[in-house]
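Structure record follows, encoded as structure tokens.
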Amino acid sequence: MTSRQLPGPGETFLDHLGHFVPDMEAAHRALTRLGFVQTPYTVHQTTPGPGQPPVPGGTANRCVMLREGYIEVLCVVDPQHPTGARTQRQLDRYTGVHIVAMTDADALSRRDRLDAAGFETQDPVNLRRAVPLEGGGEGMAAFTVCRTPADSMAEGRVQILTHLTEDLVWQPRWMTHENGITALRDVVILPEDLAEATDRYARFTEAAPKRIDEDMVRLELARGGVVLTTPAGAERLFPGATVPPVPGVMGYGLLSDGLAATRAFLEGRGFPVVDTGPGLVGLGLPASLGGAWLIAEDERAFPWSLRAAG
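Heads up, the sequence shown is in UniProt numbering, so the first residue is 1 and it goes up one at a time.
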């Protein structure tokens, strides 16, 4: 594992996934029980323009920082704010994963390419959030985010961003977890029309689609990937987990530094871990978080990797 957070020129990483939750405290308790250290509760801010002070952005979050990527949990704090209102509309459909964020070394240039590929991206957002420093005081984490309109990526808030403050975001004190989970891998998305979505995500990710199964396609990124499938495909990947409404996001893959220890930890906390294949386990997440996981020690154990290799 390279533990390199930021992509180089020409690379796209799956950066983070965001759960939308109605009750941040309940989600915080669930993540703690799952064995995760979390960043402090923080209200998002945006900078309207150069030289202007940050203003509240309508939502707040906690994050689980991993050696590669991270998991965000997000709630609405101002439903009147445009971002808060959009978040609430998505949350009203289901509790679970709604943000699929990929990172590019130059989000603004990527935005130009997305527009040329047929995506009418929104104006870039200069997102800010206060981050406490280990030695005291706080810094301001900064991101440039390019979002797509809701009608062009109906499965979720699919976006491209550039990190401007890597060291503030990935602080070592937040990156070691009792459950042994270390890295984010593929996200599993449920579109209404698999063929149409395959073309659309190929244009968005700039990756070539690979057929994994009759009802499953993967777009491999420089780190992680996007898996497109049907509700039936999602049920095969995540047996026993709740499938969200279509279009939506089902769940994602995670890497552990020791699968047996991770499984023992989760089962010791009362979570119903299931075997889903050699070197692979699955877990439907608590209702306060929504979504589902596949966990492996070796990423070649993920079913999309096995079938692609075969």
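Note that CB positions come from ideal geometry on N, CA and C, so glycine has one too.
The DSSP assignment places 157-163, 181-190, 209-213 and 216-220 as complete runs of the beta strand (DSSP E) inside the segment 146-222, in order along the chain (cut-off: 3 residues). Taken atom to atom, the span from the alpha-carbon of alanine 301 to that of arginine 110 is near 32 Å. For proline 191, the closest alpha carbon among the candidates Leu161, Gly224 and Val246 is that of Val246. Within the same chain, and ignoring the five residues on either side of alanine 292 in sequence, the residues whose Cβ sits closer than 7 Å to its Cβ are Phe238, Ala241, Met250, Gly251, Gly282, Leu283, Gly284 and Leu285. Look at glutamate 72 here: in three-state DSSP terms it is strand.
Here threonine 32 is not near alanine 130, since their CB atoms are 9 Å or more apart. Ranked by how close their Cα comes to the Cα of glutamate 166, the residues Asp15, Gln45, Thr198 and Ala296 have Asp15 in first place.
Taking leucine 6 as the centre and dropping the five residues before and after it, the same chain places the C-beta of Phe13, Thr103, Ala105, His163 and Glu166 closer than 8 Å to its C-beta, in chain order. For the pair glycine 290 and histidine 28, the CB atoms are not nearer than the 9 Å cut-off. DSSP, reduced to helix, strand and coil, places histidine 98 within a strand of the structure shown.
Pairing arginine 128 with alanine 117 gives a Cβ-Cβ distance that is not under 9 Å. Secondary structure note for threonine 46: its beta strand (DSSP E) is the uninterrupted segment 42-46. In the three-state reduction of the DSSP assignment, alanine 141 falls in the strand class, which pools E and B.
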